[in-house]
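Colleague: The opening position of the sequence shown corresponds to residue 6 in the numbering used here, with each subsequent residue numbered one higher.
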Amino acid sequence: MILGLVQGLTEFLPISSSAHIRVVSAFAGWPDPGAAFTAVIQIGTELAVVIYFRQELWQIISTWTRSLFVKELRGHWAARMGWYIIIGTLPIGVLGLVLKDQIETVFRDLRLVGTTLIVFALILWFADRTARNKLTLEKHLSITHALIYGFAQALALIPGVSRSGGTTTAGLLLDYRREDAAKYSFLLAMPAVFASGLLELFEIGGANTPDWGPTIVATIVSFIVGYAAVAWFLRYISTHRFTPFVIYRIVLGFFIILAVTAGWIPAIG
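1) Can you give the Cα-Cα distance for T94 and A200, rounded to whole angstroms?
2) If you reduce the DSSP assignment to three classes, tell me which class L52 lands in.
3) Excluding the five sequence neighbours on either side, which residues of its own chain have a C-beta within less than 8 Å of the C-beta of A44, listed in chain order?
4) I'd like to check one pair, P196 with G155: are the Cβ atoms closer than 8 Å?
5) Under a three-way DSSP split, which group does L140 fall into?
6) Given this structure, state the Cα-to-Cα distance separating V99 from M86, to the nearest angstrom.
7) Identify the continuous alpha helix (DSSP H) that holds S30 and give its terminal residues.
8) Alpha carbon to alpha carbon, how far is M6 from L122? Give it in angstroms, no decimals.
9) Following the continuous alpha helix (DSSP H) through L162, name the residue where it begins and the one where it ends.
10) What residue from G170, T135, I255, Y181 has the CA that sits closest to E16's CA?
11) May I ask which residues mark the beginning and end of the alpha helix (DSSP H) holding S72?
12) Does the beta-carbon of H245 have 16 or more other beta-carbons within 10 angstroms, so that it is buried, or is it exposed?
13) Near V222, what residues of its chain come up, given a Cβ to Cβ distance below 8 Å and the 5 sequence neighbours on each side ignored?
14) Based on Cα-Cα distance, which residue from E184, S21, Q12 lies nearest to A161?
15) Roughly how many angstroms lie between the CA atoms of E51 and V118, to the nearest whole one?
16) Once the 5 residues before and after R116 are set aside, which same chain residues still bring their CB inside 7 Å of it?
17) Enumerated in chain order, which unbroken segments of the alpha helix (DSSP H) with a length of 4 residues or greater are wholly contained in the region 165-212?
18) Look at T173 and A194 and say whether their C-beta atoms are less than 8 Å apart.
19) If you follow the alpha helix (DSSP H) that D106 is part of, which residue opens it and which one closes it?
20) Going by C-alpha to C-alpha distance, which of L146, L239, R113 sits closest to I163?
21) Three-state secondary structure (DSSP) at L18?
22) Can you tell me whether K188 is buried or exposed? The criterion is at least 16 other CB atoms within 10 Å of its CB, across all chains shown.
23) May I ask you to report which of helix, strand or coil DSSP gives V75?
24) Given a cut-off of 8 Å on the beta-carbon distance, is the pair Q64 and Q12 in contact?
25) For F250, tell me which candidate among G165, L73, A267 has the shortest Cα-Cα distance.
26) Do L14 and V230 have their CB atoms nearer than 8 Å?
27) What do you get for F207, buried or exposed, if any count of 16 or more other CB atoms within 10 angstroms of its CB means buried?
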């Protein structure tokens with residue numbers, strides 16, 4: 006329940022939910038729940054996104070599908086968005102398979118987690134301060150921009166980068182409005198999260214992962230909390246900068262590195 010609450014609260018914020026699950030487990034004295042558990046409970050928060058954006062998602066899916074047969078629909082923003090989500094998902098799909106062993110081992114080292122929290126906080130701060138905050142998804146998203154978003158999302162294979170933080174940062178550097186950058190990051194995450202979660206289902210209950218019961222509970226909790234979190238976050242960033250999240254990431258990153266160096270928690274759990 007605690008890890009499900011953590012997942013629901015942090016998935017949509019640019020502070021890395023996977024890093025928080027890893028860190029909370031370490032400080033609680035629990036074994037690392039592993040990449041498979043993290044991937045599966047993220048299905049809960051993505052279901053929250055599906056429900057929140059249900060009308061827009063239906064328009065994208067239906068228009069994209071019909072555009073395969075009706076030429077006149079291929080220029081419609083919803084049809085183009087369907088292709089941009091597919092194209093933007095390719096980098097994390099390929100790299101996720103290639104780096105699967107590293108994702109489950111080396112990338113979960115808390116020293117790396119702390120460092121990436123700090124480094125990408127500074128990049129987010131720079132992007133937020135320099136962004137012109139003017140482009141919109143319907144008018145300006147392109148194949149090139151979709152790929153840039155996609156590679157930024159792929160960086161989140163390292164806990165501490167943050168899926169929403171990485172893709173939103175890319176959007177800000179491309180001069181998209183904050184809410185548009187965040188919205189596309191949520192839409193782009195869905196295929197990758199569902200594919201990863203369904204693939205990792207086969208690992209649940211194994212030697213190094215929690216059993217099905219706790220995993221199901223965590224997923225349900227993450228869905229309930231995540232639905233409230235996504236609505237709040239989109240309203241917040243429409244009128245606020247990311248500065249509080251930047252400060253939080255830097256403080257947490259240094260604290261993690263200090264805790265590992267002092268021997269309070271193990272780097273590999």
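For every residue, glycine included, the Cβ atom is placed at its ideal position computed from N, Cα and C.
Modeller: Working from what's here:
1) One-based indexing of the sequence shown puts residue 94 at position 89. One-based indexing of the sequence shown puts residue 200 at position 195. So the alpha carbons of these two residues sit roughly 10 Å apart.
2) Translated into positions along the sequence shown, residue 52 becomes position 47. Reduced to three states, the DSSP call for L52 is helix.
3) Counting from 1 along the sequence shown, the entry for residue 44 is found at position 39. Contacts found: V198, S201, G202, L204, E205.
4) In the sequence shown, counting from the first residue as 1, residue 155 sits at position 150. In the sequence shown, counting from the first residue as 1, residue 196 sits at position 191. Cβ distance not < 8 Å, so G155 and P196 don't count as in contact.
5) Taking the sequence shown and counting its residues from 1, one reaches residue 140 at position 135. L140: strand per DSSP, three-state reduction.
6) In the sequence shown, counting from the first residue as 1, residue 99 sits at position 94. In the sequence shown, counting from the first residue as 1, residue 86 sits at position 81. The alpha-carbon atoms of V99 and M86 are separated by roughly 21 Å.
7) Along the sequence shown, read from residue 1 onward, the residue named residue 30 stands at position 25. Note, S30: alpha helix (DSSP H), 22-33.
8) The count along the sequence shown starts at 1 and reaches residue 122 at position 117. The count along the sequence shown starts at 1 and reaches residue 6 at position 1. Rounded to the nearest angstrom, the two C-alpha atoms are 24 Å apart.
9) Numbered from 1 along the sequence shown, position 157 holds the residue referred to as residue 162. It is not in any alpha helix (DSSP H) - L162 carries neither H nor E in the DSSP assignment.
10) The sequence position of residue 16 within the sequence shown is 11, counting from 1. Minimum Cα distance to E16 is reached at G170.
11) Translated into positions along the sequence shown, residue 72 becomes position 67. Where S72 is concerned, the enclosing alpha helix (DSSP H) stretches over 59-72.
12) Walking along the sequence shown from the start, residue 245 turns up at place 240. The residue is exposed, with fewer than 16 neighbouring Cβ atoms inside 10 Å.
13) Stepping through the sequence shown from its first residue, residue 222 is reached at position 217. Contacts found: M6, G9.
14) As a first step, residue 161 must be located in the sequence shown, where it is residue number 156. Among E184, S21, Q12, the Cα nearest to that of A161 belongs to S21.
15) For the purposes of this step, residue 51 is identified with residue 46 of the sequence shown, where counting begins at 1. For the purposes of this step, residue 118 is identified with residue 113 of the sequence shown, where counting begins at 1. So the two alpha carbons sit approximately 23 Å from each other.
16) As a first step, residue 116 is located in the sequence shown; it is residue number 111 there, counting from the start. Cβ within range, chain order: I262, V265, A272.
17) 168-178, 183-205
18) As a first step, residue 173 must be located in the sequence shown, where it is residue number 168. As a first step, residue 194 must be located in the sequence shown, where it is residue number 189. In this structure, A194 does not lie closer than 8 Å to T173 by Cβ.
19) In the sequence shown, counting from the first residue as 1, residue 106 sits at position 101. Per DSSP, D106 belongs to the alpha helix (DSSP H) from 105-109.
20) Within the sequence shown, numbered from 1, the residue matching residue 163 stands at position 158. Nearest C-alpha to I163: R113.
21) Indexing the sequence shown from 1 puts residue 18 at position 13. Coil at L18, not helix or strand.
22) Residue mapping note: residue 188 aligns to position 183 of the sequence shown, counting from 1. K188 is buried by the Cβ-count criterion.
23) Numbered from 1 along the sequence shown, position 70 holds the residue referred to as residue 75. Correct three-state label for V75: coil.
24) Along the sequence shown, read from residue 1 onward, the residue named residue 64 stands at position 59. Along the sequence shown, read from residue 1 onward, the residue named residue 12 stands at position 7. Not in contact: Q64 and Q12 (Cβ atoms no closer than 8 Å).
25) Translated into positions along the sequence shown, residue 250 becomes position 245. Selected option, being the one with the closest Cα: G165.
26) Here residue 14 is taken as the residue at index 9 of the sequence shown, counted from 1. Here residue 230 is taken as the residue at index 225 of the sequence shown, counted from 1. Yes, Cβ-Cβ distance for L14 and V230 is below 8 Å.
27) The residue you call residue 207 lines up with position 202 of the sequence shown. With fewer than 16 other Cβ atoms within 10 Å, it is exposed.
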